[in-house]
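Just so you know, we're using the working numbering here: the sequence shown kicks off at 17 and counts up by one.
So the structure is just underneath, and the comments pick up after that.
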Amino acid sequence: MRKTIRYLTRTIRGKLTTIGCAIVVMILILGVLHGYMWESIAEIEAWRIHSLRTELLIHELRFLEKAAETRNPEERRLYVGQYIQKRAELVSELEALQGPRGIFVQSTTISTQADQENAIRKTFLENIRSLETRLRTAPGNENLIASEGDLLYALSKSLRAAGALHEKLLWKDVRRYQRLVLVMIFLGTSVLLLGIWIAARTTRRIQLVANTANEINRGNLNSKAPEAGSDELSDLAISFNQMTEKLIQEKEYSESILSSMGEMLVVVSEAGTILHANTACLDATGYERDELLGKEICLLIPEKDFCKDIMAGIKRYGVQKDSSIRVVQKGGTEISVAVSGTAFSSRSSSGTSKGAILVLKDMTDYNLLMEESQRRSTAEATAQLEKEKSAELTVLNQKLRETQAQVIETSKFAALGEMASGIAHEINNPLAIIHGKAGQLKDLIEVDKLDPLKISEIATKIEVTAMRVAKIVKSLRTFAHDGKSEPTQRLALKGILDDALDMCRERFKIHGITLIVPEISRGVVLECRGVQISQVLINLLNNAHDAVCEVPEKWIKVELDSNPDHVEISVTDSGEKISPEIRARLMEPFFTTKPVGKGSGLGLSISRSIIESHQGQLELDSESQQTRFVIRLPWRQPREGSDAPTTVNTTNF
Ligand SMILES: Nc1ncnc2c1ncn2[C@@H]1O[C@H](COP(=O)(O)OP(=O)(O)OP(=O)(O)O)[C@@H](O)[C@H]1O
Ligand SMILES: [Mg+2]
Numbered sequence: 017m018r019k020t021i022r023y024l025t026r027t028i029r030g031k032l033t034t035i036g037c038a039i040v041v042m043i044l045i046l047g048v049l050h051g052y053m054w055e056s057i058a059e060i061e062a063w064r065i066h067s068l069r070t071e072l073l074i075h076e077l078r079f080l081e082k083a084a085e086t087r088n089p090e091e092r093r094l095y096v097g098q099y100i101q102k103r104a105e106l107v108s109e110l111e112a113l114q115g116p117r118g119i120f121v122q123s124t125t126i127s128t129q130a131d132q133e134n135a136i137r138k139t140f141l142e143n144i145r146s147l148e149t150r151l152r153t154a155p156g157n158e159n160l161i162a163s164e165g166d167l168l169y170a171l172s173k174s175l176r177a178a179g180a181l182h183e184k185l186l187w188k189d190v191r192r193y194q195r196l197v198l199v200m201i202f203l204g205t206s207v208l209l210l211g212i213w214i215a216a217r218t219t220r221r222i223q224l225v226a227n228t229a230n231e232i233n234r235g236n237l238n239s240k241a242p243e244a245g246s247d248e249l250s251d252l253a254i255s256f257n258q259m260t261e262k263l264i265q266e267k268e269y270s271e272s273i274l275s276s277m278g279e280m281l282v283v284v285s286e287a288g289t290i291l292h293a294n295t296a297c298l299d300a301t302g303y304e305r306d307e308l309l310g311k312e313i314c315l316l317i318p319e320k321d322f323c324k325d326i327m328a329g330i331k332r333y334g335v336q337k338d339s340s341i342r343v344v345q346k347g348g349t350e351i352s353v354a355v356s357g358t359a360f361s362s363r364s365s366s367g368t369s370k371g372a373i374l375v376l377k378d379m380t381d382y383n384l385l386m387e388e389s390q391r392r393s394t395a396e397a398t399a400q401l402e403k404e405k406s407a408e409l410t411v412l413n414q415k416l417r418e419t420q421a422q423v424i425e426t427s428k429f430a431a432l433g434e435m436a437s438g439i440a441h442e443i444n445n446p447l448a449i450i451h452g453k454a455g456q457l458k459d460l461i462e463v464d465k466l467d468p469l470k471i472s473e474i475a476t477k478i479e480v481t482a483m484r485v486a487k488i489v490k491s492l493r494t495f496a497h498d499g500k501s502e503p504t505q506r507l508a509l510k511g512i513l514d515d516a517l518d519m520c521r522e523r524f525k526i527h528g529i530t531l532i533v534p535e536i537s538r539g540v541v542l543e544c545r546g547v548q549i550s551q552v553l554i555n556l557l558n559n560a561h562d563a564v565c566e567v568p569e570k571w572i573k574v575e576l577d578s579n580p581d582h583v584e585i586s587v588t589d590s591g592e593k594i595s596p597e598i599r600a601r602l603m604e605p606f607f608t609t610k611p612v613g614k615g616s617g618l619g620l621s622i623s624r625s626i627i628e629s630h631q632g633q634l635e636l637d638s639e640s641q642q643t644r645f646v647i648r649l650p651w652r653q654p655r656e657g658s659d660a661p662t663t664v665n666t667t668n669f
């Protein structure tokens, strides 16, 4: 800006110098013309004097002529005397006029005319002197008077001719002077008008450039200087406009940087007036730029003494670091921001202005982020807790499963214990038979009646009975075996059922319970853990035993039914129907109606979990007239990656 003004001043000064020179030249021309005019006026005056003198000469000559014409010598002498006196006066007057003015030497034309005049005058004077002489020496001579009269006449004539010439020359010069004056007036007026036009034009364009400079100084960068023409002023206007364009670009560049800032930026004066606010600030607060500029910062930051504090902080530390404040939006809503400030000091023609550049960071998102982070931490902690709980639960489940397994084992041995008397009887009977047969053999040996047929018969009985004992022992060993980790096997359904029945048969017999079992082909194969299925069957048979013990009609019936997918094994007894209350709680662990020490209440719940682990179901048949428990098992256990159990058609038992 300063450069521009300097350039402007220099150009204007140059222009003014040019105009001044033009005016000086014009004045010189006018001066010369003026001098010439005065010279001409002087010449005119001189010619007037000359003419007047010539007229006087003529007048004197007439006087002389009058003297010469006078016949009386005394009168003539008087006239001549008067003439001489008049002439002396005239000569002295002419010398007085001619001397100091010296005008006849200034113009060639006038000099020439003067020379002619001088020549005429000289001749005239000589003639006068001659006339005088003759008048003095020959007074009263008639001839002389006559010749003097001729002479005087001739002189008079020549003088008149000289006067006419003078007149002619005089008017010629006057006309020339008039033309000269007119030309001078025209030229002077033209130069004057030209000067005025140039001055007005130059001044007007300078004024326009100056106005543009003022507008730009006021901040209106859209103002343009007129570029018309091809002189220095138009060059100046073009340079000025280019400079303004650059200024706009720089301003736009600066503003685009400020606008692209994510943070709010506010420039405040030392007194707390808002000088600038960037786009982010306007967006965040909802104000228009005009509504903020020139207003107090309290409009945005209502905190008392904020400016004073921040200025004091800046003075003390150079910058004011992130302090947390509230900014009020246009609608009155408050947002939490972190403010940091830097001092600025700018010098201009109007003096030094100081203030602070404040950067306000909207903390709303940050706070939300923090809340979210806290929420996530809490969620993660909860998830961790749940994970830990889940792990604990898994451990507990594992323990429960182990406990269940132990319970199953326990219940199994409890069942064994319950059957112990029956088993003992089961084994004791064959042993008694073997013992008896062995006694018979001994007796036969003692009496020496060794009949081979009889011996063979006794031996066969011992063998069969021993086989029966071995079978019972085998069943016991099988039942005692831990079946929980046993893999499923394809086993003969008849073997599984016999293993269970063998454990109960003797007891039923003791208590007079009729046992009805189906005929099963050995080829019917069921994939399962045989020990566990036998255990379930024993539990059901034990419950049935307990249910029919007290009723007059005692029977227990085992039935098989099958379809391509599964086999149904049912145990029906002749006991009383189970009441709905008990029916609802049958499968609950530790639910028992039996006396303490007799039943644990785990039999059915364990049996159900065993059957379900085989993908089957154990339920009480609600439609049956008797108490009927049904085990439903798939023929084949599903392999890993297989959805459904393989079907086996074994309807023919
Ligand atoms: N066949 C049945 N007839 C009548 N009631 C039965 C029959 N089977 C079971 N119950 C009833 O269901 C209850 C629970 O049977 P569960 O086999 O689970 O336990 P428990 O036989 O009492 O004891 P545990 O079998 O552990 O020795 C029994 O106490 C009995 O009241
Ligand atoms: Mg039971």
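Every residue gets a Cβ at the ideal spot worked out from N, C-alpha and C, and that includes glycine.
Check whether the Cβ atoms of residue i and residue j lie closer than 8 Å to each other.
i           : j           : result
residue 297 : residue 283 : no
residue 574 : residue 513 : yes
residue 253 : residue 225 : yes
residue 443 : residue 481 : no
residue 617 : residue 558 : no
residue 286 : residue 370 : yes
residue 582 : residue 648 : yes
residue 478 : residue 460 : no
residue 489 : residue 446 : no
residue 295 : residue 275 : yes
Could you round the C-beta distance between residue i and residue j to whole angstroms and report it? I think they count as a contact, below 8 Å.
i           : j           : result
residue 631 : residue 650 : 5 Å
residue 288 : residue 35  : Contact doesn't hold; Cβ gap of about 51 Å is too wide.
residue 290 : residue 317 : Between residue 317 and residue 290 the Cβ distance is about 10 Å, and since that is not below 8 Å, they are no contact.
residue 570 : residue 540 : The Cβ separation is near 28 Å, so there is no contact.
residue 554 : residue 520 : 7 Å
residue 610 : residue 562 : 7 Å
residue 516 : residue 550 : 4 Å
If you reduce the DSSP assignment to three classes, tell me which class residue i lands in.
i           : result
residue 507 : strand
residue 643 : strand
residue 606 : coil
residue 162 : Caution is warranted here: a pLDDT of 44 is assigned to residue 162, below 50, making its placement in the model unreliable, and no coordinate value can be reported.
residue 292 : strand
residue 255 : helix
residue 473 : helix
residue 200 : helix
residue 361 : strand
residue 86  : coil
residue 280 : strand
residue 384 : helix
residue 616 : coil
residue 390 : helix
residue 244 : coil
residue 340 : strand
residue 486 : helix
residue 32  : helix
residue 462 : helix
residue 480 : helix
residue 406 : helix
residue 120 : The predicted position of residue 120 is uncertain, since its pLDDT is 34 and thus under 50; a value taken from the coordinates is nonetheless stated next. Helix at residue 120.
residue 354 : strand
Return the first residue and the last residue of the beta strand (DSSP E) that residue i is part of.
i           : result
residue 367 : 367–378
residue 573 : 571–578
residue 308 : Not the beta strand (DSSP E): residue 308 falls in the alpha helix (DSSP H), residues 305–308.
residue 582 : 582–589
residue 530 : 530–532
residue 653 : Here residue 653 belongs to no beta strand (DSSP E), and DSSP marks it neither H nor E.
residue 237 : Looking at the DSSP string, residue 237 is not in any beta strand (DSSP E), and its letter there is neither H nor E.
residue 633 : 633–636
Taking only beta-carbon atoms, is residue i less than 8 Å away from chain B?
i           : result
residue 592 : Absent here is chain B; the protein component of the structure consists of one chain.
I'd like the span of the alpha helix (DSSP H) that includes residue i, first residue to last.
i           : result
residue 548 : 546–564
residue 627 : 619–629
residue 597 : 596–601
Residue list, Cβ distance to ligand 2 heavy atoms smaller than 6 Å: 555, 558, 559, 615 and 619
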